[in-house]
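Residue numbers (the working numbering): 2 to 281. Below: one structure, written as structure tokens.
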């Protein structure tokens, strides 16, 4: 079916998921929104995350997408089940794929998780991991200093390595053999994170497993595009195009990039203030 896949994130981190979707499903078209103007979502309240996420969802559904990927761990933790209930299209998050990938590789069943304050405080990864395997031991750590490195394009070099080393020190006191990057920004820091944690710890990015779930879902729903029209991907940012482009070019090369700025000024059909509840 020649309809695009919609992908949303709090900023540029979801591009790590987009990269895997493009690699695994090269015929599929993608429309992406990164809410860089209001990133990071991690320190925000659940009501703020819910409101901002519904704004992005509402924007993408106006583009007639066939599937939605919430490529933000914080937003996945807050809104995934709600979005599945409210929307008539399939919806995927990134927490289940990340947990699944970690459990495939751990041998001592001690799994570490790093993420934003919002993701870690939600306990979403702990619940997902222990639901799949009740023998697993989970150690979680919020790392609020890492997302700014990616959003500012400073994800290489000595300063970035120092910040990562300091951020990860508490979790490396535990006997973990796998570490879930529980924020889609973090794979851009993966080379430095792998240096810091050492070869005995397997670093897990959710992008590959998420793309596999997208592929499987499209296949079973008979939504895969099998034609010959070259896909045209569109990337929206609520912030400055130049800042978004810097990271996008690094992560999505050699693909051509159609990057556009948006302020999401559309009627918000799904979200209302908490006192009013939700409506469809």
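Glycine included, every Cβ here is placed at the ideal spot set by N, Cα and C.
Neighbour-count burial assignment, residue i, 16 or more Cβ in a 10 Å radius
i: residue 97; result: buried
i: residue 51; result: buried
i: residue 272; result: Reliability of the predicted coordinates at residue 272 is poor, the pLDDT of 38 falling under 50, and the value obtained from them is presented with this limitation in mind. Looking at its Cβ environment, which holds 16 or more other Cβ atoms inside 10 Å, residue 272 is buried.
i: residue 154; result: exposed
i: residue 198; result: buried
i: residue 227; result: exposed
i: residue 234; result: buried
i: residue 42; result: buried
i: residue 261; result: exposed
i: residue 212; result: buried
Extent of the continuous alpha helix (DSSP H) to which residue i belongs
i: residue 87; result: 74-87
i: residue 112; result: Not the alpha helix (DSSP H): residue 112 falls in the beta strand (DSSP E), residues 111-116.
i: residue 14; result: That residue, residue 14, is in no alpha helix (DSSP H); it is neither H nor E in DSSP.
i: residue 247; result: 242-253
i: residue 106; result: 96-106
Proximity to residue i [Cα-Cα], best of the options
i: residue 90; options: 136, 107, 4; result: 4
i: residue 109; options: 201, 11, 50; result: 201
i: residue 263; options: 246, 242, 254; result: 242
i: residue 117; options: 95, 100, 148; result: 148
i: residue 265; options: 134, 240, 42, 13; result: 240
i: residue 24; options: 220, 237, 260, 216; result: 216
i: residue 26; options: 236, 229, 237; result: 229
i: residue 93; options: 204, 187, 10, 245; result: 10
i: residue 174; options: 77, 67, 63, 112; result: 112
i: residue 99; options: 79, 139, 85, 126; result: 126
Range of the contiguous beta strand (DSSP E) that encloses residue i
i: residue 141; result: 138-143
i: residue 67; result: That residue, residue 67, is in no beta strand (DSSP E); it is neither H nor E in DSSP.
i: residue 222; result: Per DSSP, residue 222 belongs to no beta strand (DSSP E) and is neither H nor E.
i: residue 35; result: 31-35
Nearest-angstrom Cβ-Cβ length linking residue i and residue j, presumed shorter than 8 Å
i: residue 101; j: residue 184; result: Going by Cβ atoms, the distance from residue 101 to residue 184 rounds to 17 Å, so no, they are not a contact pair.
i: residue 248; j: residue 151; result: 7 Å
i: residue 13; j: residue 245; result: 6 Å
Pick out the complete alpha helix (DSSP H) segments inside the region 166-231, 4 residues or longer, and give them in chain order.
-> 191-198, 208-221
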